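This report concerns only the one structure given below.
In this note's numbering, the protein residues as written are 593 to 743.
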């Protein structure tokens, strides 16, 4: 039986590019990549649908990638990240990351964990990306998931 969607309680306003970022982690994958990655961090912009993926060995690596990505967006595109939406996972709400959000004036919005209807923006691409990443993780031995990493 298919679960019915929750009533939408999301803010109906439209966002500027990079104003609201969705965060999600896929994994662990069935097999590690040649570089030892087991997880995939996805950062998705609400307005443009722009999606960036980072391969992680452990979930705790996500904090550095989140900081670097937000800093890069604010520097290169002169856009202010105002909101970060995630499922409340520990790796997105560490004390040091919360201090970073406060210093940058970023508001955290959490969705209900394991209730994918509340965070469709991150969940829909993560299903596609996790399948794509899984394909990369199981490719011939001469390939690597490092091609997905930020260059």
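Yeah, the Cβ is synthetic: ideal placement off N, Cα and C, and Gly gets one too.
Quantities reported herein were computed from a predicted structural model and do not represent experimental measurements.
(request) Taking only the alpha-carbon atoms, compute the straight-line gap between residue 660 and residue 668 and give it to the nearest angstrom. (result) 12 angstroms
(request) Use the C-beta contact count for residue 682: other C-beta atoms within 10 angstroms, 16 or more gives buried, fewer gives exposed. (result) exposed
(message) Quick check: is any heavy atom of the ligand NAD less than 7 angstroms from the C-beta of residue 657?
(response) Because no ligand of any kind appears in the structure shown, any question about the ligand NAD cannot be addressed here.
(request) Go to residue 695, then tell me how far its beta strand (DSSP E) extends in each direction, as first and last residue. (result) Note, residue 695: premise wrong, no beta strand (DSSP E); alpha helix (DSSP H) at 687 to 696.
(request) Go ahead and pull the three-state DSSP assignment for residue 621. (result) coil
(message) Rounding to the nearest angstrom, what Cα-Cα distance links residue 672 and residue 628 in this structure?
(response) 33 angstroms
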